[in-house]
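Since the structure comes first, as structure tokens, the remarks are kept for the end.
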Amino acid sequence: MSRKAREKKEPKFIVVTGGVLSGLGKGIASASIGRLLSSRLKVVPVKCDGYLNTDPGTMNPIEHGEVFVLDDGGECDMDFGHYERFIGVTCKSNWNLTMGKIYKRILDRERTGDFLGQTVQLIPHVTDQIKEEIWKIAEEEEADIMLIEIGGTVGDMENELFLESMRQLRHEVGNENIAFVHLSYVPIPYGVNEQKSKPTQQSVKNLNERGLHPDIIIGRCPVRLVEKIKEKIAHFCNVAPGSVISAPDVHNVYELPLIFDEEGVPDILHKKLNIYSPPNLSEWRKLVARMEEKENRKRVTVAICGKYTDLHDSYASILEALNHCKAHVNVDIQTDWVETTEIENGKRKVEDSLKDVDAIIVPGGFGTRGIEGKIEVIRYCRENNIPFLGICYGMQLAVIEFARNVCGIADAHSAEIEADGKCAGPNQVVCYLPDQIKVTKKGGTMRLGGHDVTIKEGTRAHEYYGALKIRRRFRHRYEINPDYVPCLEEKGLLFSGYAPNSNIMQIMELPSHPFFMGSQFHPELQSRLEKPEALFLQLVKTAHEKSQRNK
Ligand code: GLN
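Residues in the sequence shown are numbered from 421 upward in steps of one, following the working numbering.
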């Protein structure tokens, strides 16, 4: 179907590709471009991932980074976290196009007879399907800008079909309606001490071989690109002078939209696509400056206790939520990592691991490795008045700790421990959610996405959120066993948030403690630079007050 036949509103397209190596920050660069345009235009980010998984929900976070859960229940690539935080949109799961989803649709269609008589092929069928999905999103969302990020680097076998679709799309929409942005790497080799353009030249050549030509080249480099190298890249890669942009290493990723603005990205896109959307960055600029204030700032140390502490990307949104607090509390936050397996197997003592720590986060997780270490950390926080936030599994483990050490249920445990093949006895204080018992399929089957939380009046949760009803995002199979709630509450734990019309406990607090809170939801997913999530903000504030008193 032609573009004219199907559209009411004509969107513009921005396609972001990457070259040379992965990990250059293509997600943040895309999100920053989105931020620059979103003041007046509806920007819809789409991420194309070449792998055959339907979504990253079943992938190991050590390899793939955190799974970002959307309000509609989608388990998505972590770049969606950057998109939501920078662009301020609530993303949808069909905006994450994986090759797994595309192939599944094609194969389903083949079985229902959509291609009778035809040989189903990569081109045109797969490439058409990709474009079809993108058009569908554009129409559903009435997008002004479709911001399409192609995962991986140009030359990877996995993303060839996405690139080919973009080449075809350019012919469909016309060159004036689509801009290609290529993020590349500009190294400064040791001993040479000058910025080198060759990797970028080669990577653009790779792109050219696929019939694509960049309108903007972003050069990732430890520092801003010097004029000479910008000119050289423009000349050799055949882009307009002035369209080579710096993406220097930044200590604070929220600076990037400000840098891109200074480097003239809005003007270049304006000229290419004829869109007028001057960015409104004044508030953002102020917040970034506050985050970076160093004078008269006390430092607090917040430790994250988990088993994926080697790869910080698996806790990306938690780190961002803490970062957001720096713009709102006059404090510098240092993040520390505590590998709970070391506490569990006796390599380190809990009091040594936590002696310089002002607050603890026990994040979400799965399985049993390291959990006894986490329970030990939680006990230490509860007994020593250390501010504690337990997220999802972290809250479930806090309830197990409380049941064991305060309620005297020595064998209290979670059904997840038994599901892991260990026999743990009858006291499952954390049990299966009722509708999870019969679930055998793995992908996308947990209790996922945004749900309402009813908050009890007069509780800490009420004070922090300033509301009796909030909506937060979930990703879990187990819950606090409602049968044990009376016994836990009798001993002083309070369930201050729950699911309306059901007895799923969603917020836990210990009123006798300065800050001992748990949430069955993932508060980090909805924290924004402009508005840090209340549990993080309060954790940091309490840690700050506490460390002030100690110093
Ligand atoms: N493993 C726990 C559950 O499934 C917690 C999940 C999580 O922390 N996201 O309920």
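Ideal placement from N, C-alpha and C gives every residue a C-beta, glycine not left out. The structure displayed is predicted, hence computed values, not measured ones.
Between the CA atoms of residue j and residue i - distance to the nearest angstrom
i: V440; j: A832; result: 51 Å
i: V797; j: T788; result: 15 Å
i: V477; j: I526; result: Correcting the residue type first, residue 477 is Gly in the shown sequence and not Val. Computed Cα separation, rounded: 21 Å.
i: S422; j: E592; result: For S422, the predicted structure reports a pLDDT of 46, less than 50, and the residue's modelled location is therefore unreliable. The matter cannot be settled from this model.
i: E427; j: D669; result: In this prediction, E427 has a pLDDT of 49, which is less than 50 and means its spatial position is unreliable; what the coordinates show is noted afterwards. Spanning the two alpha carbons is a distance of roughly 40 Å.
i: Q926; j: M866; result: 15 Å
i: G870; j: S922; result: 15 Å
i: H671; j: A449; result: 14 Å
i: I738; j: I598; result: 35 Å
i: L536; j: R529; result: 10 Å
i: H748; j: R710; result: 8 Å
i: E564; j: L853; result: The sequence given here has Asp at residue 564, not Glu. Rounded to whole angstroms, D564 to L853 spans 41 Å at the Cα level.
i: G886; j: T879; result: 10 Å
i: V489; j: V464; result: 17 Å
i: E538; j: F582; result: Position check: residue 538 holds Gln in this sequence, whereas Glu was assumed. Each residue's Cα considered, the two are about 22 Å apart.
i: E580; j: V574; result: 8 Å
i: D903; j: E909; result: 11 Å
i: H942; j: I780; result: 16 Å
i: K775; j: K961; result: 19 Å
i: G443; j: V624; result: 18 Å
i: P952; j: C745; result: 6 Å
i: D497; j: L627; result: 24 Å
i: I653; j: L603; result: 12 Å
i: C657; j: Q621; result: 6 Å
i: F680; j: G594; result: 26 Å
i: A881; j: K616; result: 53 Å
i: H704; j: H964; result: Here residue 704 turns out to be Trp, not His, going by the sequence shown. Distance between the alpha carbons of W704 and H964: 24 Å.
i: S834; j: W555; result: 45 Å
i: L868; j: R893; result: 7 Å
i: K631; j: R587; result: Sequence check: residue 631 is Gly here, not Lys. Distance between the alpha carbons of G631 and R587: 6 Å.
i: E569; j: C827; result: 51 Å
beta-carbon residue i near the ligand GLN non-hydrogen atom, thresh 8 Å
i: E899; result: yes
i: Y813; result: yes
i: H896; result: yes
i: Q926; result: no
i: M479; result: no
i: P783; result: yes
i: F822; result: no
i: M866; result: yes
i: Q816; result: yes
i: F600; result: no
i: H942; result: yes
i: F786; result: yes
i: E713; result: no
i: E592; result: no
i: E792; result: no
i: E978; result: What is shown of the chain runs 421 to 971, which leaves residue 978 out entirely.
Per DSSP, cross-strand counterpart(s) of residue i
i: L868; result: R895
i: E569; result: V436, K467
i: F600; result: V435
i: V918; result: It should be noted that the sequence gives Tyr, not Val, for residue 918. DSSP lists T874, M925 as partners of Y918.
i: V664; result: I637
i: K446; result: In DSSP, K446 forms no bridge with anything.
i: C725; result: V758
i: F972; result: Nothing about residue 972 can be read from this structure; the chain reaches only from 421 to 971.
i: L809; result: I781, M937
i: T518; result: D469
i: I848; result: The question names Ile, but residue 848 in the sequence shown is Gln. DSSP output for Q848 lists H833 as bridge partner(s).
i: V749; result: DSSP output for V749 lists no bridge partner at all.
i: R719; result: D752
i: I900; result: V850
i: Y605; result: R640
i: K889; result: T874
Do three or more CB pairs link the region 453 to 460 to the region 500 to 510 at distances below 8 Å? yes
Touch test, the region 511 to 521 against the region 455 to 472, Cβ-Cβ under 8 Å, three pairs minimum: yes
Taking contact to mean 3 or more Cβ pairs, one atom from each stretch, closer than 8 Å, check whether the region 672 to 686 and the region 548 to 561 are in contact. no
Contact the region 715 to 729 vs the region 746 to 760: 3+ CB pairs below 8 Å: yes
Pair every Cβ in the region 908 to 917 with every Cβ in the region 773 to 787, then say whether three or more of these pairs are closer than 8 Å. no
Check whether the region 930 to 946 and the region 799 to 811 touch, using three or more Cβ-Cβ pairs below 8 Å as the test. yes
With three or more C-beta pairs closer than 8 Å as the rule, is the region 660 to 668 touching the region 684 to 704? yes
Validate contact between the region 849 to 864 and the region 891 to 906 using beta carbons, cut 8 Å, 3 pairs: yes
If we count Cβ pairs, one from each stretch, closer than 8 Å, do we get three or more for the region 595 to 612 versus the region 632 to 649? yes
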